[in-house]
Amino acid sequence: MTSPSLPARVVLLAGPSGSGKSSLAARTGLPVLRLDDFYKEGDDPTLPLVTDSTDIDWDSALSWDADAAVAAIEELCRTGRTTVPVYSIATSARVDTEALDLGHAPLFLAEGIFAADIVARCRESGVLADALCLRGRPSTTFRRRLLRDLREGRKSVAFLLRRGLRLMRAERGIVARQTALGAYPCGRAEALGRITAAGTHTAEAAVRNAAPGRPSPAPAPAPSSTASGR
Numbered sequence: 370m371t372s373p374s375l376p377a378r379v380v381l382l383a384g385p386s387g388s389g390k391s392s393l394a395a396r397t398g399l400p401v402l403r404l405d406d407f408y409k410e411g412d413d414p415t416l417p418l419v420t421d422s423t424d425i426d427w428d429s430a431l432s433w434d435a436d437a438a439v440a441a442i443e444e445l446c447r448t449g450r451t452t453v454p455v456y457s458i459a460t461s462a463r464v465d466t467e468a469l470d471l472g473h474a475p476l477f478l479a480e481g482i483f484a485a486d487i488v489a490r491c492r493e494s495g496v497l498a499d500a501l502c503l504r505g506r507p508s509t510t511f512r513r514r515l516l517r518d519l520r521e522g523r524k525s526v527a528f529l530l531r532r533g534l535r536l537m538r539a540e541r542g543i544v545a546r547q548t549a550l551g552a553y554p555c556g557r558a559e560a561l562g563r564i565t566a567a568g569t570h571t572a573e574a575a576v577r578n579a580a581p582g583r584p585s586p587a588p589a590p591a592p593s594s595t596a597s598g599r
């Protein structure tokens, strides 16, 4: 199903934790929906556990509210604005809400480790411009993820080390799963190129479909060549 009259489309940016999704998204200059803000809260009885452990499995899609994330994406594509939760990973709780407004941007990014899990739903509703899965070396991803999580105090050191080692061993399988769900696997340079192409295509489609006498959306900004990413 397609909806050519929608004013905006989404690029879903998936990839293993620590693969550089957030820094790449910031580098594009496009509006960004943080899908990690749709995690369930720490006292939710439906949270899954790591096999043979008492640790909550925050890398399972069952720890995440896919319905709320898809609803926010569809509202952004229909209206250009929505209200999203602000989630604290350190406390495993939603601590606030905030408004997200696309302005006149015809394209935005939705990034997070579960982005691939909603590719089919976004494609079916006609809001999908592209779906990408960042991939790299598992050892590099492990180092980036651990440094980030320690810096931000996301969880205890012991938990972060257990999770990091588990994810490093599983990384190739994580990429394979996200690819099977419909996310195109690529490095950061290729991802930037595809996002630029999606922005150009979406802006041109918006101009073609603009109603007479109404202002056309501004073209999506091109990725910066000077910004640094993780």
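According to the numbering used here, the stretch in the sequence shown is residues 370 to 599, in order. C-beta atoms are modelled at their ideal positions from N, C-alpha and C, and glycine is treated no differently.
Can the beta-carbon of residue i be found less than 8 Å from the beta-carbon of residue j?
i	j	result
E540	P507	yes
S388	L503	yes
A500	V488	yes
D406	V439	no
D424	L418	yes
F483	L404	yes
C446	V380	no
S386	D428	yes
L431	G449	no
P554	P475	no
C491	I442	yes
E467	V455	yes
Given a threshold of 16 other Cβ atoms within 10 Å of its Cβ, counted over all protein chains shown, does residue i qualify as buried or as exposed?
i	result
T571	buried
R520	exposed
S422	exposed
L534	exposed
E573	exposed
E493	exposed
R532	buried
R514	buried
R378	buried
What did DSSP end up calling residue i once you bin it into helix, strand or coil?
i	result
F483	coil
G598	Since pLDDT at G598 reaches only 38, below the 50 mark, its modelled position is unreliable, and the value read off the structure follows with that caveat. If DSSP states are grouped into helix, strand and coil, G598 belongs with coil.
E410	coil
P475	coil
S593	For S593, the predicted structure reports a pLDDT of 40, less than 50, and the residue's modelled location is therefore unreliable. The matter cannot be settled from this model.
T451	strand
S374	coil
S525	coil
G387	coil
Residues in the same chain with beta-carbon distance under 6 Å from residue i, minus the five sequence neighbours each way, listed in chain order, please.
i	result
L469	T451 and V453
T437	Here the sequence assigns Ala to residue 437, which means Thr is not the residue at that position. Excluding sequence neighbours, A437 sits near F407.
R523	I458 and A459
Quick one: give me the first and last residue of the alpha helix (DSSP H) that residue i is part of.
i	result
A489	V488 to E493
A435	A435 to T448
V379	From DSSP, V379 is part of no alpha helix (DSSP H) but of the beta strand (DSSP E) over R378 to A383.
A552	No alpha helix (DSSP H) holds A552; DSSP gives it neither H nor E.
Can you list, in chain order, the residues of its chain with a C-beta nearer than 8 Å to that of residue i? Leave out the 5 residues immediately preceding and following it.
i	result
A394	L382, V401, L478 and E480
V526	L519
M537	P507, S508, T510 and F511
V544	G384, P385, C502, R504 and P554
R546	A485
Name the two residues that bound the continuous beta strand (DSSP E) containing residue i.
i	result
D428	Looking at the DSSP string, D428 is not in any beta strand (DSSP E), and its letter there is neither H nor E.
V464	A462 to D470
R403	V401 to R403
L519	From DSSP, L519 is part of no beta strand (DSSP E) but of the alpha helix (DSSP H) over P507 to E521.
A498	L497 to L503
So, at 7 Å on beta carbons, what are the nonlocal neighbours of residue i in its own chain, with the 5 sequence-adjacent residues on each side left out?
i	result
P414	none
D465	V455
W433	F407, Y408, K409 and F483
R557	G389, L393, L503 and G598
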